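Participant: Protein chains in written order, with the working numbering: chain A, 40 to 280; chain B, 40 to 280.
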C-alpha cells in the first residue's frame with residue numbers, strides 16, 4: 040500500500056471527473072494533512088474502485104480533486120451479513136470497524152431478548168465503517184443498518200441465506216460441512232449477545248433449516264473478539280481469504 | 040457460566056484454605072459488588088483451577104475467603120506465544136485482552152525496526168491479562184513480558200518452536216501443512232507491525248527454518264484485528280478449539 044491519503048467520497052469517479060470536497064474533507068486534506076495543489080489523493084466511493092486524483096483547488100472550506108486513473112477495481116466482499124447485539128459504545132464501534140476490515144458486506148445490529156442496549160447511533164456507526172474502509176485499503180463500505188429486533192429479522196429470513204450461529208453453549212463446527220453444499224449461497228453470521236441467547240431464541244435458531252452451529256472455543260469470548268473470530272472462520276472456509 | 044464474581048488471586052487455593060484479600064479486592068467485592076459474609080465467589084490463581092469460596096470476613100479494607108470446592112480444574116492453554124509490536128495504548132490493551140481470551144500462553148511485545156512505540160507499561164498490560172482471564176472464565180493468566188527487540192528474540196529463538204509469521208505481503212496459508220508435522224511442537228505467532236516489516240526483517244524471517252508464512256486475507260488488518268484472526272486460525276488448525 041502506498042502512504043497516500045485515502046478518502047471515501049459520495050461522488051461518481053471516472054477518468055477526468057472533477058470531485059468537489061465538503062468542508063470536513065477540505066479541512067482534513069489541506070488543514071490536517073497539509074496537502075497542496077498538485078498532491079495526489081486516493082478516492083473511492085464503494086462503486087467505482089479506487090482512483091488516483093490530483094488536488095486541483097485547495098481552500099480552507101472547500102476544494103476540488105480531478106480523477107487521473109483507476110488504481111484498483113471495485114472489490115466487493117462476499118455476500119455476508121454480520122449480525123450482533125450492540126454492547127457498550129466503544130466495543131460496538133470496534134465490531135463495526137472489524138467487520139469492515141474482515142470483509143462483511145452488511146452489518147445488522149440486532150436486539151435480542153437479553154440485549155441491554157436499546158439504541159444505537161446508526162450514522163456514527165456508518166461513519167466508523169467508512170473510516171475503517173479508508174484505513175484497510177478496501178474499496179467497499181458495508182452498510183450499517185438500524186437496530187432491529189432479532190425475532191423480526193428471523194420472521195423475514197431469506198430462504199436461501201445460510202446462517203452461521205455462534206453459540207457458546209455448543210461444541211463443534213458445522214462450517215466445514217456446510218462449505219461443501221452452500222459455498223455459493225449468501226450467508227449471515229450471528230454473534231451471541233453478552234447475556235447469552237434466551238431459551239426461546241436458542242430453540243428457534245436451532246430449528247432453522249439454514250442454521251449452522253459453530254463453537255468459538257472453550258473460553259468465553261467478548262462479543263467484539265467473537266465477531267473477528269467468527270469472520271475469520273467464515274472467510275477461511277467460504278470467503279475471499 | 041454462573042453469574043458469580045470471578046477473581047484472580049496470588050495465593051494457594053485448596054479445600055479449607057483461607058485466602059486473605061487485599062484492599063482493592065475487598066473494595067471491589069464488598070464496596071462495589073456489595074457481597075456480604077456467606078456469599079460465594081469464584082477464585083483462580085493460574086495454578087490450582089477455579090475454586091468456589093465463601094466470604095468469611097468482609098471489611099472495608101480487608102477480607103477473608105474460605106475455599107469450599109474446586110469448580111474447574113486448571114486448563115492451561117497450548118504452548119503458544121503471541122508476539123506483536125506495540126501500537127497506540129488502547130489497541131495494545133486490546134491485543135493483550137484478546138490474546139488472553141483466545142488462549143495464548145505467553146504474550147511478547149517486540150520492538151521491530153518500524154515500531155513507533157518504544158515503551159510499554161508491562162504492569163498495566165499484565166493487569167489487563169488478569170482482568171480478561173477473570174472475564175472469560177479462564178483459569179490461566181498468560182505472562183506478559185517486557186518489551187524486547189525482535190532481532191534479539193530471533194537471536195535466541197528455541198530450535199523446536201515453530202513460528203506462524205503473518206505477513207501482509209504474502210498470499211497463502213502454510214498452516215494446514217505445518218499442522219501435520221508440528222502438531223505437538225511449541226509455537227509462536229508473529230503479527231506484523233503497523234509500519235510493516237523492514238526488508239531485513241522479512242528476509243531473516245523467511246529464512247527461518249521454523250517459519251510458516253500465513254496470509255490474513257486481501258484487506259489490510261489493524262494489528263489488533265490481525266491478532267484475533269491469527270489466533271483463530273492457529274487455534275482451529277493446531278490448538279484447543
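Positions of the beta carbon are idealized from the N, C-alpha and C atoms, including for glycine.
As the structure is a computational prediction, the values presented were derived from the model and not from experiment.
Counting only Cβ-Cβ distances shorter than 8 Å, please list the residues of the stretch 245–269 of chain A near chain B, keeping chain order.
Facilitator: Result list: 254, 255, 256, 257, 258, 259, 260, 261, 264, 267, 268.
Participant: Can residue 121/B and residue 270/B be called in contact, C-beta distance under 8 Å?
Facilitator: Taking 8 Å as the Cβ cut-off, residue 121/B and residue 270/B qualify as a contacting pair.
Participant: With which residues is residue 280/B paired in a DSSP beta bridge?
Facilitator: None, per the DSSP bridge assignment.
Participant: Consider the Cβ of residue 279/B: report whether some Cβ of chain A lies at a distance smaller than 8 Å.
Facilitator: It does: the Cβ of residue 279/B has a partner Cβ on chain A nearer than 8 Å.
Participant: Going by DSSP in three states, residue 54/B sits in which element: helix, strand or coil?
Facilitator: Coil at residue 54/B, not helix or strand.
Participant: Return the chain-ordered ranges of every alpha helix (DSSP H) run that is complete within the stretch 166–235 of chain B and spans a minimum of 4 residues.
Facilitator: Listed in chain order, the complete alpha helix (DSSP H) runs (minimum 4 residues) inside the stretch 166–235 of chain B are 189–194, 214–220.
Participant: Looking at the unbroken beta strand (DSSP E) that takes in residue 45/B, where does it start and where does it end?
Facilitator: 45–47 is the extent of the beta strand (DSSP E) around residue 45/B.
Participant: Note down the Cα distance separating residue 273/B from residue 59/A, rounded to an integer number of angstroms.
Facilitator: Each residue's Cα considered, the two are about 46 Å apart.
Participant: Residue range of the beta strand (DSSP E) that residue 81/B falls in?
Facilitator: Residues 79–83.
Participant: Going by beta carbon distance, what residues of the same chain come within less than 7 Å of residue 222/B, once the five residues before and after it are set aside?
Facilitator: Same-chain partners within the cutoff: 277.
Participant: What number of angstroms, rounded off, separates the C-alpha of residue 321/A from the C-alpha of residue 132/B?
Facilitator: One cannot answer for residue 321/A here, as it falls past the ends of chain A, which runs 40 to 280.
Participant: Determine, using beta-carbon pairs with one atom in the stretch 47–61 of chain A and one in the stretch 82–98 of chain A, whether at least three such pairs fall under 8 Å.
Facilitator: With a cut-off of 8 Å, the stretch 82–98 of chain A and the stretch 47–61 of chain A count as touching, because enough Cβ pairs lie within range.
Participant: Please decide whether residue 140/A counts as near chain B, where near means a Cβ-Cβ distance under 8 Å.
Facilitator: Answer yes: the Cβ-Cβ gap between residue 140/A and chain B drops below 8 Å somewhere.
Participant: Can you give the Cα-Cα distance for residue 176/A and residue 159/B, rounded to whole angstroms?
Facilitator: Residue 176/A and residue 159/B: Cα-Cα distance of roughly 28 Å.
Participant: Assign residue 40/A to buried or exposed, taking buried as 16 or more other Cβ atoms, counted over all protein chains shown, within 10 Å of its Cβ.
Facilitator: Caution applies to residue 40/A, whose pLDDT of 37 falls short of 50 and renders its modelled position unreliable; the value that the coordinates give is listed next. It is exposed - the Cβ of residue 40/A has fewer than 16 other Cβ atoms within 10 Å.
Participant: Quick check: the Cα distance between residue 182/B and residue 167/B, rounded to an integer number of angstroms?
Facilitator: So the two alpha carbons sit approximately 11 Å from each other.
Participant: Got a sec: is the Cβ-Cβ distance from residue 271/B to anything in chain A below 8 Å?
Facilitator: Yes, contact with chain A.
Participant: Here's the rule I'm using: 16 or more other beta-carbon atoms within 10 Å means buried, otherwise exposed. How should residue 216/A be labelled?
Facilitator: With fewer than 16 other Cβ atoms within 10 Å, it is exposed.
Participant: Identify whether residue 141/A lies in helix, strand or coil by the three-state DSSP scheme.
Facilitator: Residue 141/A falls in the helix class under three-state DSSP.
Participant: Can you look up residue 94/A in the DSSP assignment and give me helix, strand or coil?
Facilitator: Strand.
Participant: What does the alpha-carbon distance come out to for the pair residue 126/A and residue 174/B?
Facilitator: Taking the straight line from one Cα to the other gives about 15 Å.
Participant: Show which residues of chain B have a CB atom less than 7 Å away from the CB atom of residue 17/A.
Facilitator: Because chain A is modelled from 40 through 280, residue 17/A falls outside the range shown and cannot be assessed.
Participant: Would you say the beta carbon of residue 271/A is closer than 7 Å to some non-hydrogen atom of the ligand NAD?
Facilitator: Here there are no bound small molecules, and the ligand NAD is not part of this structure.
Participant: With DSSP as the reference, please indicate the residues paired to residue 111/B in a beta bridge.
Facilitator: DSSP lists 89/B as partners of residue 111/B.
Participant: Do residue 184/B and residue 146/B count as a contact pair if the criterion is CB distance below 8 Å?
Facilitator: Yes; because the gap between Cβ atoms is below 8 Å, this pair is in contact.
Participant: DSSP beta-bridge partners for residue 105/B?
Facilitator: In the DSSP output, where bridge partners are listed per residue, residue 105/B has 57/B, 93/B.
Participant: Looking at the C-beta of residue 176/A, does it have a partner C-beta in chain B at a distance below 8 Å?
Facilitator: It does; some Cβ of chain B falls within 8 Å.
Participant: Between residue 65/A and the rest of its own chain, which residues show a CB-CB distance below 8 Å, the 5 nearest in sequence each way excluded?
Facilitator: Excluding residues within five positions, the ones whose Cβ falls inside 8 Å are 97, 98, 99, 100, 101, 102.
Participant: Taking C-alpha atoms, which residue in 204/B, 95/B, 93/B, 74/B lies nearest to residue 235/B?
Facilitator: Among 204/B, 95/B, 93/B, 74/B, the Cα nearest to that of residue 235/B is on 204/B.
Participant: The alpha helix (DSSP H) spanning residue 244/B covers which residue range?
Facilitator: Start and end: 238–246.
Participant: When you compare only the Cα positions, how much space is there between residue 180/A and residue 246/A?
Facilitator: Roughly 33 Å between the two C-alpha positions.
Participant: Compare the C-beta of residue 185/A against all C-beta atoms of chain B and say whether one is closer than 8 Å.
Facilitator: No, no contact with chain B.
Participant: Between residue 138/A and residue 260/B, what straight-line distance do the alpha-carbon atoms span, to the nearest angstrom?
Facilitator: Near 11 Å, if we compare the C-alpha coordinates of residue 260/B and residue 138/A.
Participant: Excluding the 5 residues preceding and the 5 following residue 153/A in the sequence, name in chain order all residues of the same chain whose CB lies nearer than 7 Å to its CB.
Facilitator: If we look at residue 153/A and ignore the five residues flanking it on each side, its Cβ neighbours are 232, 234, 235, 237.
Participant: With 8 Å as the threshold, decide whether the Cβ of residue 40/B is near any Cβ in chain A.
Facilitator: Low confidence applies to residue 40/B: its pLDDT is 37, below 50, so where it sits in the model is not reliable enough to give any reading.
Participant: From residue 227/B to residue 112/B, what does the alpha carbon distance come to, in whole angstroms?
Facilitator: Going by the C-alpha atoms only, they are around 25 Å apart.
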